[in-house]
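Colleague:
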Amino acid sequence: MAAPTSTAAESSAASPSTVTSPLRQLDGKISFWSGIPFGIQHVLAMFVANLTPIAIVAAAAGMNSEHSAWIISSALLVAGLGTCLQLYPLWRIGGRLPIVTGISFTYVAAATVIASDPNLGYGAVIGAVIVGGFLELILGLTAQYWKRFINPIVSAVVVTTIGFSLLSTGATSFGGGSGAKDFGSWQNLTVATITLVACLAFQLLTKGVAKQLSVLFGLVVGYVIALVFTLSGLAPGMVDFSKFANLDLVSLPHIAPLMPFGIIFDVNSIVTFALLYVVSSVEVLGNTSSLTQVGFDREPTERETAGAIAGDGLISTASGFFGALPLTSFAQNVGLVAMTKVVNRKVILSGGIILILASFFPGFAAIFSSLPQAVLGGCTIMMFGSIVLAGIQMIAKAGFSQRNITIVTLSLTIGIGFTQATGIFQHFPQLFQSVFSNAIAIAFVVALILSWVLPDEKHFLAD
């Protein structure tokens with residue numbers, strides 16, 4: 001009877017339920033075409049957020065529609081190239097992780113001030129992007145020397161702050177998007193709620209591979225409902241059809257030296273951006289830690305962290321030459337990994353290729369960018385919560401010692417609280433305001449200083 005028992009055990013061990021899906025393996029064997037739906041899911045999760053910083057800065061620079069279209073095309077191209085670089089590194093540049101890159105919000109405030117200055121303009125922004133990106137590249141390649149000064153509780157604070165910072169973004173999208181005239185309307189809240197319910201229902205009711213497409217399903221359902229609301233007159237303009245007007249069939253990327261604003265190397269602008277690139281490097285540290293935590297249940301290796309930072313630096317410099325803003329790894333997509341557990345590089349690569357194609361074919365971009373904010377909010381609000389949870393898990397792993405509790409408490413309350421108190425730094429220099437308008441920057445600095453100056457745990461426990 002021993003042989004049949006052994007055979008049964010082997011059969012059970014080889015059953016699909018106990019074999020890890022290739023989608024959940026970094027280099028799992030899966031056909032490129034099978035991964036496209038998951039790639040589309042990643043693109044939809046970040047598409048609007050990738051273009052919004054460009055739109056804000058282009059408006060501040062007073063660009064016309066033609067020049068704005070050039071920059072948008074460039075933003076899509078470099079986001080796709082950056083994603084490919086992070087997935088498949090060049091030498092030590094790139095994290096070799098399922099990272100999706102996009103235009104970062106970290107630089108928007110400073111870029112807006114510089115671009116609107118008649119003595120500088122958008123050319124000075126581009127110069128600062130190029131030089132600052134090179135600085136971040138150096139930071140990545142030398143990470144082994146400075147990362148040792150950032151202990152686990154500091155990384156945990158950064159990840160948690162990233163998650164909390166995104167909650168208001170998700171809630172704003174849920175209501176219809178920042179500045180929307182119908183923000184909080186019953187139409188926006190209804191569409192967002194239906195999208196959220198569709199995501200949850202699909203995740204709960206489906207099995208196997210299909211379960212991991214819950215976000216894509218929710219986005220499609222939400223988009224259809226938004227179309228119905230738009231065409232029926234219940235919510236005119238919810239789906240913006242104007243984005244499809246006067247589209248060229250093919251659009252070729254432009255490079256900054258040939259654009260009207262050119263490249264200007266202004267020392268003050270470069271210093272401002274250099275400090276923001278340091279903040280962005282910290283953000284990458286947090287996003288990488290969060291990604292490996294939710295995707296692989298482990299901390300990132302030194303090589304992965306250094307490569308991810310260096311990859312962001314190199315692609316940001318390239319972005320400057322194409323006239324776009326700096327890039328970073330997108331927390332939205334980390335949240336998507338937390339929900340779906342899809343970490344296969346070939347799958348994420350399809351998303352990067354879609355972004356590159358969208359840069360050459362404006363019709364692709366128009367379809368993705370017409371996705372209503374309420375639909376996006378219905379899905380992202382759950383994804384962003386996953387990042388908060390990952391941060392809390394990292395805090396728990398570092399330990400709830402009195403010292404760690406003090407660091408976390410002060411860092412989160414000062415970092416998040418100060419950025420919610422509008423104008424608290426209004427009497428400080430513009431450079432200070434640009435850097436510390438970011439909750440992640442404040443929380444990181446507070447956590448880092450406390451981790452250096454607070455005494456060891458035995459001093460907290462002493463009578």
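Residue 326 in full-length UniProt numbering sits at position 326 of the sequence shown, and the numbers go up by one each step.
Yeah, the Cβ is synthetic: ideal placement off N, Cα and C, and Gly gets one too.
1) What does DSSP give as the partner residues of residue 90 in its beta bridges?
2) Out of 82, 157, 44, state which residue places its alpha-carbon closest to the alpha-carbon of residue 328.
3) Please report the distance separating the alpha-carbon of residue 222 from that of residue 160.
4) Between the beta-carbon of residue 125 and the beta-carbon of residue 111, is there less than 7 Å?
5) Would you report the Cα separation of residue 213 and residue 128, rounded to the nearest angstrom?
6) Only counting the same chain, and skipping five residues up and downstream in sequence, which positions put a Cβ closer than 8 Å to that of residue 322?
7) Given that a residue counts as buried once 16 or more other Cβ atoms are within 10 Å of its Cβ, and exposed if not, what is residue 316?
8) Going by DSSP, what residue range makes up the alpha helix (DSSP H) through residue 173?
9) If you run the structure through DSSP and keep just helix, strand and coil, what is residue 72?
10) Could you tell me the alpha carbon to alpha carbon distance between residue 13 and residue 341, rounded to whole angstroms?
11) Is it buried or exposed for residue 305, if we count other Cβ within 10 angstroms and need 16 for buried?
12) Considering only residues of the same chain and omitting the five flanking positions on each side of residue 386, which have a CB-CB separation below 7 Å?
13) If we count the other Cβ atoms within 10 Å of its Cβ and call it buried at 16 or more, is residue 302 buried or exposed?
14) With DSSP run on the structure shown, which of helix, strand or coil describes residue 329?
15) Contact between the region 164 to 184 and the region 277 to 290: three or more CB pairs below 8 Å?
16) Please classify residue 453 as buried or exposed, where buried requires at least 16 neighbouring CB atoms within 10 angstroms.
17) Less than 7 Å between the C-beta atoms of residue 265 and residue 366, yes or no?
18) Can you list, in chain order, the residues of its chain whose CB lies under 6 Å from that of residue 262, leaving out five sequence neighbours each side?
19) Check the Cβ-Cβ distances between residue 227 and every residue of chain E, and say whether any is below 7 Å.
20) Can you look up residue 466 in the DSSP assignment and give me helix, strand or coil?
21) Do you know offhand how far residue 61's Cα is from residue 118's?
22) So which of 414, 422, 439, 407 has the shortest CA-CA distance to residue 153?
23) Unbroken alpha helix (DSSP H) runs of length 4 or more, entirely within the region 254 to 299: which are they?
24) State buried or exposed for residue 297, treating a residue as buried only when at least 16 other CB atoms are found within 10 Å of its CB.
25) Identify whether residue 27 lies in helix, strand or coil by the three-state DSSP scheme.
26) Does residue 149 come out as helix, strand or coil in the three-state DSSP assignment?
27) For residue 80, which three-state DSSP category applies?
28) For residue 466, is the classification buried or exposed, using 16 other Cβ atoms within 10 angstroms of its Cβ as the cut-off for buried?
29) Would residue 398 pass as a contact of residue 156 if the rule is Cβ separation under 7 Å?
30) Quick one: what's got a C-beta closer than 8 Å to residue 425's C-beta in the same chain, skipping five residues either side?
31) Roughly how many angstroms lie between the CA atoms of residue 451 and residue 150, to the nearest whole one?
32) Is residue 120 helix, strand or coil when you go by DSSP?
33) So the candidates are 394, 370, 416; which of them puts its Cα closest to the Cα of residue 226?
34) Which residue comes first and which comes last in the alpha helix (DSSP H) that contains residue 223?
35) Going by beta-carbon coordinates alone, are residue 183 and residue 381 separated by less than 7 Å?
36) Taking all protein chains shown into account, decide if residue 250 is buried (16 or more other Cβ within 10 angstroms of its Cβ) or exposed.
Modeller: From the atom records:
1) 93
2) 82
3) 29 Å
4) yes
5) 39 Å
6) 74, 77, 78, 253, 254, 255, 256
7) buried
8) 152 to 174
9) helix
10) Confidence is the limiting factor: at residue 13 the pLDDT is only 37, short of 50, which leaves the residue's position unreliable, though a coordinate-based value still follows. Rounded to whole angstroms, residue 13 to residue 341 spans 22 Å at the Cα level.
11) buried
12) 294, 335, 338, 339
13) exposed
14) strand
15) no
16) exposed
17) no
18) 123
19) In the structure shown, chain E cannot be found, because there is only a single protein chain.
20) No answer is possible for residue 466: it lies beyond the span of the chain, which begins at 1 and ends at 463.
21) 9 Å
22) 407
23) 267 to 296
24) exposed
25) coil
26) helix
27) helix
28) Past the boundaries of the shown model lies residue 466; the chain is included only from 1 to 463, so the question cannot be answered.
29) yes
30) 418, 432, 433, 436, 437
31) 8 Å
32) coil
33) 370
34) 214 to 232
35) no
36) exposed
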